[in-house]
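This report refers to the structure that appears directly beneath it.
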RNA sequence: GGUUCCGUAGCUCAGCUGGAUAGAGCAACUGCCUUCUAAGCAGUAGGUCCUGCGUUCGAAUCGCAGCGGAAUCACCA
């Protein structure tokens, strides 16, 4: 990822006094280095890391970088630093040194105060957005209206939604937008096939979801088109030529031309079929739990793109070939010539993307324009930014392509022709069935109403699916193994949902027993190792949100939620909570539980996953 | 062929700007439910971090080369 292009992510801490222990330590170490050895060290370059489990301590400073200049042995530097920092930072209860590693132990009181202050804060981990700030606009989904959504779109939608939530959690003023690719040759193919072979079939007459119906005719087109190409080739035509000359293809191109000319008949058919598709998409979006602040349609923006092309011609940064097609010469940038208008004057993908970029910039005055689009389009976005720059837009560098990896299946890539696409609606439906089976097997929810059960199945199904996809680094290609995706054990969404439900159960019972979370602790408590591990994990949430946002990586949030859940379960396994007889200790532990529940809920919310109070 | 990305346990993935003995889950094997939800917990086994060279006190992480894989280089989107 091009780090230099990551702009404007606000990475400050949220509530200073509690999250600044790290900075405090770094500052103290830097000061000590200066006083002891006269070294000028910037605090943020002090390497501070969590102490590994096998050593005692909470934070570790690596002193190797300073030993040469200090002219002391690593151990000596570490000991001298440790002693001085212990004096200056009240939270430091002690330290130990192993080789060049200086391990600081933080006083339990610090952790206990942290839990006491935060456990009732339902927005723990989130920063507030400033509504006056220029927004960050995130485009995602961007479907074509000629076929239903599939697994690839699912990753896009989940990522787009989650990254938006993530940036918002980190304090950005986020606007989610969708750019519907509702025009173009692909739609004409569906329309043509429907006219030719459809016999007037509608979603109502067939009982088929609109997007699936239109998709059916897209496949139908391809089938007949292939047949035509084969026939031409049998007559001795070269394949390349046959693909151009097949009557269906010529007719589709003709239809596109008529569409751009505003032919009423074509436009009416187009409107009708697109409406079918939108009704289908809306249902899928609703089931996935994603949505948008604004929806753009390319049919409304492509003309602006054409105007831009004209402007580019006037400016002399674009040129027209003899056949009438318009191009941009990018050879000076190490790239190639790029077509912007076809010979027949119709626009291509790039043309309309120029238009939408300008429109969006004008609409929002955005600080940043993020496009969640697969890495197969890396080249496209490189070119888009270049051309915007050539057209004289100084905001071209605000365009950021959030490029994510492809989804592969165990037996290779998805190919619509070979019927190996995983349909989004089918997948969700299967997950719901699995969730229902799992719940039945466990039999823990027999007293829930049918509506409650249905909602629970849906929540768990989506939790499993979303977590499975979002837990992997977005920039990487991922393998979607259906068998593993429906697993509810281990590093999965339902595991985290389950942990949340368990905690809710404890908190409910605590209330029944008269434990009042508003009460303050009557005396200090002594933390067990497992408690301390849980608290430290909780303490990391704000900084995890900040770094996940800086990296546009929901995966970092998913991993965090998993670590927290695991840490909690380990604690829960062998630590009495409600069974604890010391009322003060019991109160602390319930507070701790409550903060874990809040943190899990908030982390999962960033992923677009809801958590149940019972399951 | 040019460009870009990737290569960590049998499989799927973590491993933050270089730091201590490389971690999880799944699969396999052992234990733990008369006790707060066992969708859990604890443990065993499993590694040439693709290979080689280099930079460094220190490399899975940075650089170069090679091998292997993917994407892209359309008058498709």
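Numbering (my numbering), first residue to last: -14 to 600.
Backbone N, C-alpha and C define an ideal beta-carbon position, used for all residues, glycine too.
Because the structure is a prediction, the values reported are computed rather than measured.
What separation, rounded to the nearest whole angstrom, lies between the Cα atoms of residue i and residue j?
i: residue 503; j: residue 496; result: 11 Å
i: residue 282; j: residue 76; result: 56 Å
i: residue 124; j: residue 223; result: 41 Å
i: residue 48; j: residue 166; result: 56 Å
i: residue -3; j: residue 536; result: Any reading at residue -3 is ruled out, since the residue's pLDDT is 36, under 50, leaving its predicted position unreliable.
i: residue 107; j: residue 40; result: 33 Å
i: residue 79; j: residue 91; result: 7 Å
i: residue 600; j: residue 284; result: 46 Å
i: residue 460; j: residue 148; result: 13 Å
i: residue 331; j: residue 228; result: 20 Å
i: residue 498; j: residue 559; result: 21 Å
i: residue -9; j: residue 409; result: Here the model assigns residue -9 a pLDDT of 31, short of 50, so the residue's position is not dependable and the matter cannot be decided.
i: residue 96; j: residue 26; result: 28 Å
i: residue 101; j: residue 418; result: 41 Å
i: residue 2; j: residue 9; result: For residue 2, the predicted structure reports a pLDDT of 39, less than 50, and the residue's modelled location is therefore unreliable. The matter cannot be settled from this model.
i: residue 514; j: residue 433; result: 38 Å
i: residue 156; j: residue 358; result: 23 Å
i: residue 529; j: residue 112; result: 12 Å
i: residue -11; j: residue 119; result: Here residue -11 scores only 29 on pLDDT, less than 50, and its place in the model is too uncertain to base an answer on.
i: residue 302; j: residue 382; result: 18 Å
i: residue 212; j: residue 219; result: 11 Å
i: residue 586; j: residue 169; result: 42 Å
i: residue 146; j: residue 275; result: 6 Å
Exposed or buried, what is residue i when buried is set at 16 or more other beta-carbons lying within 10 Å of its beta-carbon?
i: residue 153; result: buried
i: residue 163; result: buried
i: residue 353; result: buried
i: residue 13; result: buried
i: residue 59; result: buried
i: residue 216; result: exposed
i: residue 35; result: exposed
i: residue 427; result: exposed
i: residue 5; result: exposed
i: residue 292; result: exposed
i: residue 482; result: buried
i: residue 323; result: buried
i: residue 269; result: buried
i: residue 0; result: Bear in mind that a pLDDT of 39 at residue 0, under 50, signals an unreliable position, so the number given afterwards is only what the model happens to contain. With fewer than 16 other Cβ atoms within 10 Å, it is exposed.
i: residue 17; result: buried
Which one of the options has the shortest CA to CA distance from residue i?
i: residue 136; options: 573, 413, 501, 544; result: 413
i: residue 584; options: 405, 450, 312, 544; result: 544
i: residue 564; options: 469, 588, 390, 494; result: 494
i: residue 596; options: 417, 213, 444, 455; result: 444
i: residue 447; options: 158, 421, 462; result: 421
i: residue 363; options: 384, 203, 542; result: 384
i: residue 199; options: 129, 158, 213, 252; result: 129
i: residue 601; options: 249, 37, 140, 159; result: Because the chain here runs from -14 to 600, residue 601 falls outside it and cannot be looked at.
i: residue 24; options: 33, 37, 44, 51; result: 51
i: residue 556; options: 517, 526, 528, 220; result: 517
i: residue 463; options: 325, 7, 393, 21; result: 393
i: residue 127; options: 425, 575, 484, 334; result: 334
i: residue 214; options: 72, 57, 203, 230; result: 230
i: residue 182; options: 170, 203, 317; result: 203
i: residue 679; options: 37, 407, 431, 587; result: The structure shown does not extend to residue 679, since the chain spans only -14 to 600, so no value can be given for it.
Assuming residue i contacts residue j (C-beta within less than 8 Å), just tell me the rounded distance between them.
i: residue 467; j: residue 144; result: About 20 Å separates the two Cβ atoms, so there is no contact after all.
i: residue 64; j: residue 82; result: 5 Å
i: residue 554; j: residue 508; result: About 28 Å separates the two Cβ atoms, so there is no contact after all.
i: residue 313; j: residue 325; result: 6 Å
i: residue 541; j: residue 533; result: 4 Å
Are there any heavy atoms of the ligand FAD lying less than 6 Å away from the beta-carbon of residue i, as far as the coordinates show?
i: residue 168; result: With respect to the ligand FAD, the structure shown offers nothing to examine, as it has no ligands at all.
Discussion item. Using a Cβ distance threshold of 8 Å, determine whether the segment 517 to 524 contacts the segment 548 to 562, with at least three qualifying pairs required.
Written reply: yes
Discussion item. For the segment 252 to 267 against the segment 220 to 237, do three or more pairs of beta-carbon atoms, one drawn from each stretch, fall closer than 8 Å, so that the two count as touching?
Written reply: no
Discussion item. Check whether the segment 363 to 375 and the segment 339 to 350 touch, using three or more Cβ-Cβ pairs below 8 Å as the test.
Written reply: Counting C-beta pairs with one atom in each stretch, the segment 363 to 375 and the segment 339 to 350 have three or more that are closer than 8 Å, which means they touch.
Worksheet item: Would you call the segment 576 to 586 and the segment 472 to 489 touching, i.e. three or more CB-CB distances under 8 Å?
Response: yes
Worksheet item: Do the segment 166 to 184 and the segment 199 to 210 meet, that is, are 3 or more Cβ pairs less than 8 Å apart?
Response: yes
Practice prompt. Please confirm if the segment 191 to 205 is in contact with the segment 125 to 135, defined as three or more CB-CB distances below 8 Å between the two stretches.
Written response: Here the segment 191 to 205 makes contact with the segment 125 to 135; the two share three or more CB pairs at distances below 8 Å.
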